[in-house]
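Inspection log for the structure reproduced underneath, given as structure tokens.
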Amino acid sequence: DVKVTQSSRYLVKRTGEKVFLECVQDMDHENMFWYRQDPGLGLRLIYFSYDVKMKEKGDIPEGYSVSREKKERFSLILESASTNQTSMYLCASRKTVPEQYFGPGTRLTVT
Amino acid sequence: KQEVTQIPAALSVPEGENLVLNCSFTDSAIYNLQWFRQDPGKGLTSLLLIQSSQREQTSGRLNASLDKSSGRSTLYIAASQPGDSATYLCAANQGGSEKLVFGKGTKLTVNP
């Protein structure tokens, strides 16, 4: 079975803090994705990566950066957390076949 | 720009009923369409993937169909159970793009 794990299920941070969300997949997938999910807005793509050290902006990249130094790990970085970044963050991965697999999500609260 | 719509936003049915969830998309040049299930506070679980060359996929009590010409996909759930209660999302991506465009989901409640 494909497994996508995320470093935390729940996280509380203060405004202005630098926040790291980590995602790891164990199936040698080339493509990895970070989404955020908000009520009424659905899932929105923040960034994705199609190979090590490769990244591409999604629909809402502002305020975020990413890092992919190893194939299995994709990190989302909030350089200076703000309250409007309070959200559910979901990581996903897929290989060349198009089916995406999601992690359990991280509920981030910025106070 | 691809847009994906799911109607209704919420649906409540009695246990045992067969039901259909709807998904429509604006750009018929899709590469594949995927149905997911999401339980409250959890991540998404992939249910079925239909590639553009396929018309339908089946898994157990679930059957998903794809009609590109009309811009529609349906998820049929047979003999619904309370454990089927969840939010169901569909997502489409287009050839040449890695991005999935998601609908906002249909929240299904199956009453015992």
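Residue numbers (my numbering), protein chains in the order written: chain R, 40 to 150; chain V, -18 to 93.
Using N, Cα and C, we set each Cβ at its ideal position, and we do this for glycine too.
* From R:130, R:137 and R:134, residue whose alpha carbon lies closest to that of residue 44 (chain R) -> R:130
* Asked: Which residues, taken in chain order from the segment 39 to 51 of chain V, show a beta carbon closer than 8 Å to some beta carbon of chain R?
  -> none
* To do: Have a look at V:91, V:-4 and V:80 and flag the residue whose alpha-carbon is nearest the alpha-carbon of residue 85 (chain R).
  => Sorting V:91, V:-4 and V:80 by C-alpha distance to the C-alpha of residue 85 (chain R) places V:80 at the top.
* **Best match in R:103, R:69 and R:77 for proximity to residue 114 (chain R) [C-alpha to C-alpha]** => R:103
* Can you name the residues that DSSP bridges to residue 53 (chain V)? -> V:5 and V:48
* Interfacial residues, the segment 64 to 93 of chain R to chain V, with Cβ spacing under 9 Å -> Answer set for the segment 64 to 93 of chain R: 70, 72, 74, 76, 79, 80, 81, 82, 83, 84, 87 and 89.
* Closer than 7 Å by beta-carbon distance: list the chain C residues that pair up with residue 30 (chain V), in chain order. => In the displayed structure, chain C is absent; the protein chains listed are R and V.
* List the residues of chain R whose Cβ lies closer than 7 Å to the Cβ of residue 12 (chain V), in chain order. => 137
* With distances taken between CB atoms, is the gap from residue 61 (chain V) to residue -6 (chain V) smaller than 8 Å? -> yes
* What are the boundary residues of the beta strand (DSSP E) that includes residue -5 (chain V)? -> Unbroken beta strand (DSSP E) run through residue -5 (chain V): -9 to -5.
* Per-residue contacts from residue 79 (chain V) into chain R (C-beta, under 7 Å) -> 70, 87 and 89
* Asked: According to the Cβ coordinates, are residue 19 (chain V) and residue 29 (chain V) closer than 8 Å?
  -> no
* Which residue comes first and which comes last in the beta strand (DSSP E) that contains residue 91 (chain R)? -> Per DSSP, residue 91 (chain R) lies in no beta strand (DSSP E) segment and is marked neither H nor E.
* Please name the residue, chosen from V:21, V:25, V:17 and V:42, that lies closest to residue 31 (chain V) on a Cα-to-Cα basis. => V:17
* Based on the DSSP output, what are the partners of residue 81 (chain R) in its beta bridges? -> R:77
* To do: Evaluate contact between the segment 86 to 105 of chain R and the segment 134 to 150 of chain R, counting only Cβ atoms and requiring at least three cross-stretch pairs below 8 Å.
  => no
* **Exposure of residue 24 (chain V), with buried meaning 16 or more beta-carbon neighbours within 10 Å** => buried
* To do: Confirm, please, whether the CB-CB distance from residue 70 (chain R) to residue 133 (chain R) is below 8 Å.
  => yes
* Asked: With respect to the beta strand (DSSP E) encompassing residue 45 (chain R), which residues constitute its N-terminal and C-terminal limits?
  -> 43 to 45
* **Per-residue contacts from residue 141 (chain R) into chain V (C-beta, under 7 Å)** => 24 and 25
* To do: Look up residue 67 (chain V) in the DSSP assignment and give the residues it is bridged to.
  => V:89
* Taking residue 32 (chain V) as part of the beta strand (DSSP E), name the residues at either end of that continuous run. => 25 to 32
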